[in-house]
Structure formats: structure tokens, C-alpha cells
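*Asks:* Next up is a structure, given as C-alpha cells.
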Amino acid sequence: MNRSLHKIASPSKGLFKGLVKGLSTLLFPLLLATNSWSGGAADDIQQLRDLLQPITSLSAHFEQQISDGDGYELQASQGLFQVSQPNRLRWVVETPMPQQIIADGVTLWIYDADLEQVVIQPFNKDFAATPAILFSGDLDQLDDAYFVTQLSEGRFELKPEQGGSLFDSMTIVFDNNKPASLALTDSLGQTTTIRFTQLELNPELSGDLFVFQVPDGVDVINNAN
Numbered sequence: 004m005n006r007s008l009h010k011i012a013s014p015s016k017g018l019f020k021g022l023v024k025g026l027s028t029l030l031f032p033l034l035l036a037t038n039s040w041s042g043g044a045a046d047d048i049q050q051l052r053d054l055l056q057p058i059t060s061l062s063a064h065f066e067q068q069i070s071d072g073d074g075y076e077l078q079a080s081q082g083l084f085q086v087s088q089p090n091r092l093r094w095v096v097e098t099p100m101p102q103q104i105i106a107d108g109v110t111l112w113i114y115d116a117d118l119e120q121v122v123i124q125p126f127n128k129d130f131a132a133t134p135a136i137l138f139s140g141d142l143d144q145l146d147d148a149y150f151v152t153q154l155s156e157g158r159f160e161l162k163p164e165q166g167g168s169l170f171d172s173m174t175i176v177f178d179n180n181k182p183a184s185l186a187l188t189d190s191l192g193q194t195t196t197i198r199f200t201q202l203e204l205n206p207e208l209s210g211d212l213f214v215f216q217v218p219d220g221v222d223v224i225n226n227a228n
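Okay, here's the thing in C-alpha cells:
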């Protein structure tokens with residue numbers, strides 16, 4: 004893996020590790036199990052669907068922290084997160100090192116300003132392995148890939164139905180019916196927590212926001228052909 008992909012993958016272990024590898028990404032399906040759940044699973048899934056269904060676009064500032072299994076902070080970053088259906092995404096890390104992940108549903112751009120490099124690759128089904136799938140509008144896809152449990156009012160845990168996911172579990176928390184935070188834990192116990200501020204639901208977002216304009220003079224690695 005090239006250095007650019009490695010650097011961006013760390014911040015996106017939280018909405019975005021999945022996006023980058025897919026992204027590092029945002030973002031997670033649920034399966035309506037019949038035998039493995041005690042009563043209430045279907046209600047849990049429906050309540051999460053009811054909270055996600057009205058969201059067609061979202062814009063928020065984020066603060067992200069990555070901690071190891073002992074709670075020691077490994078990395079902190081902040082920036083801007085925007086999504087718009089279907090499958091359009093902007094994840095812009097502003098500090099400590101500027102990075103961008105942009106997707107228009109067909110093409111994915113990963114830009115590392117420090118390396119002056121952009122990687123271009125096809126937007127594919129790996130997007131479903133990221134938190135951004137939560138806001139993609141494809142709730143049927145969500146249902147087909149994850150188990151869901153409502154831990155408390157407005158707090159849901161999602162676990163991948165099959166192996167190979169970039170995380171073992173994800174928790175999404177809603178405050179006043181708005182997404183407030185995401186937390187993703189991997190097999191090593193590393194946790195990525197993303198908190199949203201200045202969140203807007205269903206803003207009008209131009210399609211141009213989700214097409215990356217490659218700056219002059221940067222190296223381009225094009226894997227989309």
C-alpha cells in the first residue's frame with residue numbers, strides 16, 4: 004500500500020478507514036435475524052431505519068479520536084463531513100494534516116496534500132463496509148450486512164454479519180433524532196470515535212462538491228481505468 008493510502012486510512016478507521024480501503028470510511032447495514040435474536044430485534048432495526056430514512060443529505064464538522072485498547076489516544080483530527088444520496092461523499096481532514104476523500108458514486112479520489120498526491124480508483128461495493136453506508140439511502144443494503152441492537156434510546160450497535168469487515172462493531176448515537184457520534188472498534192480493540200458538531204440535515208449540496216478537481220503539479224495514481 005502506498006504511503007498516501009496508509010496515512011488516510013488511519014483517520015478513517017472511524018467513517019473512514021473503510022472508505023479509504025474501499026474509506027477511512029463515515030457512514031452500515033443490519034440483518035433481520037430470526038433465530039439468533041431474542042425478542043425486539045425487528046423493532047430495534049425499524050427504529051434505526053426510522054431515524055435514517057428521512058436523511059437525504061448531511062453536513063457536519065467532525066472531531067475524531069483514535070484510541071488503543073487501553074484507552075490511550077493514538078491520533079486526533081478534525082474537519083468536514085458531507086454526504087448526499089446516492090453514495091456521494093466528502094471527508095475533508097483539516098488538521099493535523101490536510102487530506103481529502105471525495106466520491107461521486109462512480110469514482111473515489113484520495114488526496115494527500117502533504118505528499119502532493121492523489122489516488123483515483125473506482126467506487127465499488129467496499130463502500131458498504133464503511134460508516135457512510137448509514138447515510139447512503141440504501142437501507143436494504145444496510146439490512147443485508149449487519150446485525151443491530153438498540154442499547155438504549157437513540158443508541159444502536161451494529162455488527163457485521165460476515166467476516167472480513169474493517170471493524171468488529173459500530174455504535175451510532177442520536178441526539179434529538181440527529182446523528183451525534185459514531186464509534187468503531189476493530190479486532191485489536193482500537194476504537195475510533197467521531198463526534199459531529201454544527202450538523203445540518205438535508206442541506207442542498209451541489210454535485211460539484213463531490214467531484215475532486217486535481218490540483219496542478221500533483222502526482223496522480225489512476226487505478227480507475
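Going by our numbering, the sequence shown opens with residue 4, and the numbers climb by one from there.
For glycine and all other residues, C-beta sits at the position ideal for the given N, C-alpha and C.
(1) To which residues does DSSP link A106 through a beta bridge?
(2) For I76, collect the residues of the same chain with a Cβ closer than 8 Å to its Cβ; drop the 5 residues on either side in sequence, then sort them by chain order.
(3) Just list the alpha helix (DSSP H) runs in the segment 39-70, keeping only unbroken ones of 4 residues or longer that don't cross its boundaries, in chain order.
(4) Since L185 sits in a beta bridge, which residues does DSSP pair it with?
(5) Excluding the five sequence neighbours on either side, which residues of its own chain have a C-beta within less than 8 Å of the C-beta of N205, listed in chain order?
(6) Going by DSSP in three states, P163 sits in which element: helix, strand or coil?
(7) How would you call N38, buried or exposed, if buried means at least 16 neighbouring beta carbons within 10 angstroms?
(8) Using a Cβ-Cβ cutoff of less than 6 Å, which residues in the same chain neighbour V214 once the five nearest sequence positions on both sides are dropped?
(9) Are the beta-carbon atoms belonging to P125 and A227 less than 8 Å from one another?
(10) Rounded to whole angstroms, what's the CA-CA distance from P163 to L187? Just pull it up for me.
(11) From which residue to which residue does the alpha helix (DSSP H) around L145 run?
(12) Tell me which residue opens and which closes the beta strand (DSSP E) that A79 is part of.
*Replies:* A quick look at the data gives this:
(1) L92 and L111
(2) Note that residue 76 is Glu in the sequence shown here, rather than Ile. The residues are Q68, I69 and S70.
(3) 44-55
(4) I175 and I197
(5) P57, I58, T59, S60 and L61
(6) strand
(7) Confidence at N38 is low in this model, with a pLDDT of 29, below 50, so its placement is unreliable and the value that follows should be read with caution. Label assigned to N38: exposed.
(8) D107
(9) yes
(10) 12 Å
(11) L142 to A148
(12) E76 to S87
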